[in-house]
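If you're matching positions, the sequence shown starts at 73 in our numbering and goes up one per residue.
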Amino acid sequence: MTITRHNFIIFSSIDWTTHWQLHHQLATSLVSAGNKVLFVENTGVRSANLNDIGRLGERISNWRKGIHGFASISDNLTSYSPVLLPFPYSKLSLSFNKRIFNLSISRWIKSNDFYSPIAISFLPTPLIQSAIKAINPKLTIYYCANNMAESSISASRVRSYEDYFFGSVDIVFTAAYVIQEYAKRFSEKVFYFPPGIDFDKFEIALESNKDIPNDLSNITSPIIGYIGALGKVLDQDLLCDLARQCSNFTIVLIGPEYTNIDKLKAEPNIIFLGAKPHEQLPYYIKEFDVGIVPYLCNNFTEGVYPSKLNEYLAMGVPAVSTNLREVRESKEVYGEVAIIANNTKEFINAVKSLVFEKDDVL
């Protein structure tokens, strides 16, 4: 049987060095199937602000480390860290960025014989749409992983470009039902395609007798665990209330900090272990008594699929989530995937009940 291999360009909405997400899994899965992938790092959906100085500095550093921003991650997987003006909707900035961005990608395609690629974009911005036209891919896919127009006031300007992009690409994948429903207004080729997991990683951890990670070994149980970014979607008030009303529990948060969490750091039984390599996460989750999805419920999180829920379940860890639509939908399809809490009191009571149930079983 002949296996057809393809060239893929992924226009990502995150950088390669960001904590492991759907974008990384997609790229590595395509490569493992024998394809070649160019992973283009985030070019931005909003204007930069002071909080982005660190990220912009890292981008410049990555550009210098590579050859004009291009760097080999592994065989058949290359990343591109473009250095651009961070104002995606300014006509002057966009004109400059198009010239630099499109020319760089075009030259790389020619020098690497990377013709007739399949383009998968996580961004619908005018810069990315211009780049896709320039490379003339044989297939264009828009993978809408979240409701980015709701992520900030500045990002809301992407809405009109996204509406057009929905209708102009060949296929639309969405990671949330609310996005799928919206996208169907513009295209008939819209498919619900939420993120999954590399189950082999978790199965190995389940069967392994590997010691408990060092930074977990001295933590008092029961452990209420969270993996993922510590960002604006985190309900910090909920976590503080959980910590205070369950003072004999330890709340372990694993992930990079993207927002001010001083409020959480003031709670003595909330422990921060920082970001971990993705292949190590199963060994941490394995030690959780309960996994939590403590997200705020708003227009943005209505379109967020919490893939951490899949990771908790893969390790056999019971979970509690705030009332997110994607969790409700999962429960409709798969049954009792998690306890869904409508408010802080329900959330705390659910965590307590799962801990006590586990104690009774033991």
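Think of the CB as a built atom: it goes at the ideal place given N, C-alpha and C, for glycine as much as any other residue.
Fill in: 8 Å CB neighbourhood of MET73 in its chain, flanking five on each side removed
A caution first: MET73 carries a pLDDT of 48, below 50, which makes its placement in the model too unreliable to give a value.
Worksheet item: Between CYS312 and ASN421, what straight-line distance do the alpha-carbon atoms span, to the nearest angstrom?
Response: 14 Å
Discussion item. Spatial neighbours of LEU211 within its chain, please: C-beta separation below 8 Å, excluding the five flanking residues on both sides.
Written reply: ILE190, ALA191, ASP242, ILE243
Fill in: Backbone secondary structure at VAL362 - three-state DSSP
strand
Worksheet entry | Reduced DSSP category for SER151 - H, G, I as helix; E, B as strand; rest coil | strand
Fill in: Candidates GLU359, ALA247, ALA301, SER153, of which the one nearest THR322 by Cα
GLU359
Worksheet item: How many whole angstroms separate the CB atoms of SER15 and ALA221, which I take to be in contact at a CB cut-off of 8 Å?
Response: Because the chain is modelled from 73 through 434, residue 15 falls outside the range shown and cannot be assessed.
Fill in: Beta-ladder partner(s) of VAL112, from DSSP
PHE83, TYR152
Worksheet item: Touching or not, the stretch 355-375 and the stretch 277-294, by the rule of three or more beta carbon pairs under 8 Å?
Response: yes
Worksheet entry | Opposing strand residues paired with GLY297 [DSSP bridges] | VAL324, GLY363
Worksheet entry | THR416 to GLN317 span [Cα, whole Å] | 11 Å
Discussion item. For the alpha helix (DSSP H) containing ILE276, name the first residue and the last one.
Written reply: 271-279
Worksheet item: Quick check: the stretch 261-274 against the stretch 363-382, are there 3 or more CB pairs under 8 Å?
Response: yes
Discussion item. When you compare the CB positions of ALA206 and ASN169, do they come within less than 8 Å of one another, or not?
Written reply: no
Worksheet item: Going straight from the alpha carbon of HIS78 to that of PHE194, what length do you get?
Response: 19 Å
Discussion item. Based on DSSP bridge pairs, tell me the residues matched to GLU329.
Written reply: LEU302
Discussion item. Please state whether the Cβ-Cβ distance between LEU156 and PRO198 is less than 8 Å.
Written reply: no
Fill in: Three-state secondary structure assigned by DSSP to SER224
coil
Practice prompt. Give me the Cα-Cα distance between TYR298 and PRO158, rounded to the nearest whole angstrom.
Written response: 32 Å
Worksheet item: Going by Cα to Cα distance, which pick from SER224, LYS108, VAL250 is closest to VAL376?
Response: VAL250
Item to complete: Tell me whether the beta-carbon of ALA99 lies closer than 8 Å to the beta-carbon of PHE83.
Response: no
Fill in: Nearest neighbour of SER293, chosen from ILE343, GLU260, GLY106, LYS403 [CA to CA]
ILE343
Fill in: Length of the line joining the Cα atoms of ALA255 and ARG400
20 Å
Worksheet item: Which residues mark the beginning and the end of the alpha helix (DSSP H) in which PHE238 is found?
Response: 231-240
Practice prompt. May I have a chain-ordered list of the alpha helix (DSSP H) segments no shorter than 4 residues that lie completely inside the stretch 140-226?
Written response: 163-183, 198-207
Practice prompt. Quick one: grab the DSSP three-state call for SER289.
Written response: helix
Practice prompt. Compare the beta carbon distance of PHE436 and TRP88 with 8 Å and say whether it is the shorter of the two.
Written response: Since the first and last residues shown for the chain are 73 and 434, residue 436 lies out of range.
Worksheet item: Taking Cβ positions, are GLY327 and HIS91 nearer each other than 8 Å?
Response: yes
Item to complete: Using a threshold of 8 Å, state whether the C-beta atoms of VAL230 and VAL117 are closer than that.
Response: yes
Worksheet item: In this structure, does DSSP put VAL392 in helix, strand or coil?
Response: strand
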